[in-house]
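Asks: Mind looking over this structure? Questions follow.
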Amino acid sequence: MGLGGGFLATVYDASTGRVRVLNARERAPAATTLNMYENASSTVGGLAIAVPGELRGYGALYQEYGRLPWRELVQPTAELCRRGHRVTEYMGRVLQTFSDRIMAEPSMRELYVNKATGKVWNVGDYITDPTFAKTLEIIAEEGPEAIHDGSLTARLVQDIQNFGGIITEDDLRNYRVEWQEPIAIPLTEQHTLYSVPLPGSGSVLAFILNMLRGWIGVDTVAPVGSDLYWHRIVETFKYAYAKRTGLGDPSRHNLNQSILELEQNLANAEWAASYRGRVDDTRTYNDWKHYEAVFEGADDHGTAHVIVVAPDGSVVSATSTINFIWGSQRRSQSLGFILNNEMDDFAIPNRDSSYGLPPSPANMLAPGLQPLSSMVPSVVVSKSGAADLVLGAAGGTKITTQVALMATHIIVEGHDLPDVIRRPRLHHQLLPMEIQHEANFDSDVIASLRSKGHATTELGPTAGFAAMVAIHRDRSGYLVPATDHRRIGSVDGF
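Residue numbers for the sequence shown, in our numbering: 952 to 1445.
What follows is the structure, given as structure tokens:
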């Protein structure tokens, strides 16, 4: 969760039974133009930075649900930054992977290079961040407007503009979060999954779950775990990601009706059911035109996910991102935090596509709009009003497929969370035209999928498969939390 980025959160209020979504995703600056990346990078540097929404989003959550004094929420993190922390195995690995880029950029080198050795920090080293600690102390005093309309606004803008960015103080002041109605997806007669509307991918998740629901438990042709079961899952993924290429910010004035209509269709169970008959159980197709893709899909990247369960049964499922693992590879030297490169999540005009697809008009770069995201923070609520499963993931485009599989395995098929989160995984996003799978995925299933024409690629343990975070109410009524071994996570309670 980074102040230089943004987030989407699904909130279930147990006292009212209401589910809402808070949209605090980044927005394109007002000075954005279609041709701004003709001779510039959309991934590295100041032009890659979109207007962050993280802190104003925290403020909106606090205004609705906060009880403790604001300072008490912020001060512990400030103290942690001042005292410091050990470099974890995961952090150490990504520091080493990006060491050359970190060393080459002064704003990154200042924090992530050990001055005694002249190299990036190693696993077990102790790292402090006094600059960010001071920023958090100011935020603790001023409140959630400190960055958007407070004493930190001008300093942040100056840092971004020093990197070549176009964000202004007006961009920060004018940024608005939005409370939205969730996408509701019936999983069983007893359970409904709630997830995020656009710019999130809740409608894509709905399409996947609605297609799969019609196959699982209906007949014995494709029992759970069988070769045909997995073939149908992969074909569902391919159709879902083909449809995703037509999604984008629904406030886009020239396409808002078509975008909203597609989102509504994707979330419609009958519409999804009509696609089951298009799946050939004997083969796949390696031409994206067969799946009705018409544009290049968005390919977003790194994220973090957090789940909070309150004593009264209310829950928050929130996914936050700065996009790439180091965002724009620029750090605000005045305030101490990494800045996003969310502008790269937009479709960029005239950008070459290795797949022969044009960039999506629905997700095209434009001032004030939000880029499409794979994030799907979700809550599954029973008819009795209990949040029986809360889940989300980090991992870019793999998020949506893996959340779909986890919800299906646990709620529809009845498996336990600890078992499901450890299972080897597979993924298909239509382009590249291949199944990506972990090394220990059932080799017989992979062989069967190849026999149907699927190309497959085995990914190593550090290749970035979605890292899940979830809490499940087990058969005894106890809440069982789990984080993914694929990335460092933690569980805390009181």
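Don't be surprised by glycine CBs; every beta carbon is placed ideally from N, CA and C.
1. On the DSSP letters alone, give me the boundaries of the alpha helix (DSSP H) that R1127 sits inside.
2. If you pair each beta-carbon of the segment 1061-1070 with each one of the segment 1279-1289, do three or more pairs fall below 8 Å?
3. What is the DSSP secondary structure of T1086, counted as helix, strand or coil?
4. Could you give the DSSP three-state label for G1010: helix, strand or coil?
5. Candidates R1127, G1035, N1292 and T1408: which alpha carbon is nearest I1078's?
6. In the DSSP assignment, what residue or residues form a beta bridge with S1146?
7. Would L1316 be called buried (16 or more neighbouring beta carbons within 10 Å of its own) or exposed?
8. Three-state secondary structure (DSSP) at Y1429?
9. Looking at the secondary structure, which residues open and close the alpha helix (DSSP H) in which L1400 lies?
10. Kindly indicate the opening and closing residues of the beta strand (DSSP E) around L1340.
11. Using the three-state DSSP reduction, which class does F958 fall into: helix, strand or coil?
12. From S1333 to Y1013, what distance separates their C-alpha atoms?
13. Rounded to the nearest angstrom, what separates Y1236 and R969 at their Cα positions?
14. What are the residues that DSSP puts in a beta bridge with E1389?
15. Thinking C-alpha only, which one of G1428, W1021, D1251 and R1437 is nearest E1088?
16. Let me check understanding here. Comparing Cα to Cα, which of K1194, L973 and M1419 lies closest to E1129?
17. What is the rounded straight-line gap between the Cα of A1055 and the Cα of F1049?
18. Applying the criterion that 16 or more other CB atoms from any shown protein chain within 10 Å of the CB defines a buried residue, is K1194 buried or exposed?
19. Helix, strand or coil: which one does DSSP assign to A1255?
20. For E1186 and V1230, what's the separation of their Cα atoms in angstroms?
21. Note down the Cα distance separating L1217 from F1158, rounded to an integer number of angstroms.
22. Can you list, in chain order, the residues of its chain whose CB lies under 7 Å from that of A1261, leaving out five sequence neighbours each side?
23. So who's on the other strand from P1174, going by DSSP bridges?
24. Any idea which residues DSSP pairs A1421 with across the strands?
25. Can you tell me whether L954 is buried or exposed? The criterion is at least 16 other CB atoms within 10 Å of its CB, across all chains shown.
26. Along the chain, where does the beta strand (DSSP E) that runs through S1268 open and close?
27. Give the DSSP bridge partners of I1167, in chain order.
28. Which same chain residues end up closer than 6 Å to A1084 when comparing Cβ atoms and leaving out the 5 residues on each side of it in sequence?
29. Identify whether P1081 lies in helix, strand or coil by the three-state DSSP scheme.
30. Would A1355 pass as a contact of L1138 if the rule is Cβ separation under 8 Å?
31. At 3 residues or longer, what runs of the beta strand (DSSP E) sit wholly inside the segment 1357-1389?
32. Check whether the segment 1360-1372 and the segment 1418-1426 are in contact - that is, three or more C-beta pairs closer than 8 Å.
33. S1333 lies in the beta strand (DSSP E); which residues open and close that run?
Replies: Well, looking at it:
1. As a working mapping, residue 1127 is identified with position 176 in the sequence shown. First-last for R1127: undefined, no H or E at that position.
2. yes
3. Within the sequence shown, the letter at position 135 stands for residue 1086. Reduced to three states, the DSSP call for T1086 is helix.
4. Taking the first residue of the sequence shown as position 1, residue 1010 is located at position 59. Three-state result, G1010: helix.
5. One-based indexing of the sequence shown puts residue 1078 at position 127. The candidate whose alpha carbon is nearest that of I1078 is G1035.
6. The residue you call residue 1146 lines up with position 195 of the sequence shown. Note: S1146 sits in a beta bridge opposite I1134.
7. Walking along the sequence shown from the start, residue 1316 turns up at place 365. Looking at its Cβ environment, which holds 16 or more other Cβ atoms inside 10 Å, L1316 is buried.
8. The residue labelled residue 1429 in the question sits at position 478 within the sequence shown. In this structure, Y1429 counts as coil in the three-state DSSP scheme.
9. For the purposes of this step, residue 1400 is taken as residue 449 along the sequence shown, with counting starting at 1. From DSSP, the alpha helix (DSSP H) with L1400 extends over S1394 to S1402.
10. Mapped onto the sequence shown, residue 1340 falls at position 389. Counting along the chain, the beta strand (DSSP E) containing L1340 begins and ends at A1338 to A1345.
11. Taking the first residue of the sequence shown as position 1, residue 958 is located at position 7. In the structure shown, F958 sits in a strand (DSSP, three-state: E or B).
12. The residue labelled residue 1333 in the question sits at position 382 within the sequence shown. The residue labelled residue 1013 in the question sits at position 62 within the sequence shown. Between S1333 and Y1013, the C-alpha separation is close to 26 Å.
13. In the sequence shown, residue 1236 corresponds to position 285, counting from 1. In the sequence shown, residue 969 corresponds to position 18, counting from 1. If I take the Cα positions, the gap works out to 42 Å.
14. Working through the sequence shown from its first residue, we reach residue 1389 at position 438. Answer by DSSP bridge pairing, in chain order: L1410.
15. In the sequence shown, counting from the first residue as 1, residue 1088 sits at position 137. Among G1428, W1021, D1251 and R1437, the Cα nearest to that of E1088 belongs to W1021.
16. What you label residue 1129 is simply residue 178 of the sequence shown in a count that begins at 1. Ranking K1194, L973 and M1419 by Cα distance to E1129 puts L973 first.
17. Looking up residue 1055 in the sequence shown gives position 104. Looking up residue 1049 in the sequence shown gives position 98. Their Cα atoms are separated by approximately 10 Å.
18. Against the sequence shown, residue 1194 aligns to sequence position 243. Buried, by the Cβ-count rule.
19. Taking the sequence shown and counting its residues from 1, the one referred to as residue 1255 is at position 304. Residue state, collapsed to three classes: strand.
20. Sequence index remark: in the sequence shown, residue 1186 carries index 235 (1-based). Sequence index remark: in the sequence shown, residue 1230 carries index 279 (1-based). Approximately 7 Å, taken between the alpha carbons.
21. Start at 1 with the first residue of the sequence shown, and residue 1217 comes out as number 266. Start at 1 with the first residue of the sequence shown, and residue 1158 comes out as number 207. Distance between the alpha carbons of L1217 and F1158: 5 Å.
22. One-based indexing of the sequence shown puts residue 1261 at position 310. If we look at A1261 and ignore the five residues flanking it on each side, it has no Cβ neighbours.
23. Stepping through the sequence shown from its first residue, residue 1174 is reached at position 223. Beta-bridge pairing links P1174 to no other residue.
24. In the sequence shown, the residue the question calls residue 1421 occupies position 470. In the DSSP output, where bridge partners are listed per residue, A1421 has L1342 and A1433.
25. Taking the sequence shown and counting its residues from 1, one reaches residue 954 at position 3. It counts as buried.
26. By one-based count along the sequence shown, residue 1268 stands at place 317. Here the beta strand (DSSP E) through S1268 covers V1266 to T1272.
27. Residue numbering aside, residue 1167 sits at position 216 when the sequence shown is read from its first letter. DSSP lists no partner for I1167.
28. Taking the sequence shown and counting its residues from 1, one reaches residue 1084 at position 133. Excluding residues within five positions, the ones whose Cβ falls inside 6 Å are A1029, C1032 and R1033.
29. As a position in the sequence shown, residue 1081 is number 130, starting the count at 1. P1081 falls in the helix class under three-state DSSP.
30. Locating residue 1355 in the sequence shown gives position 404, where the first residue counts as 1. Locating residue 1138 in the sequence shown gives position 187, where the first residue counts as 1. No, Cβ-Cβ distance for A1355 and L1138 is not below 8 Å.
31. 1386-1389
32. yes
33. In the sequence shown, the residue the question calls residue 1333 occupies position 382. It spans S1329 to S1333 - the beta strand (DSSP E) in which S1333 sits, taken as one unbroken run.
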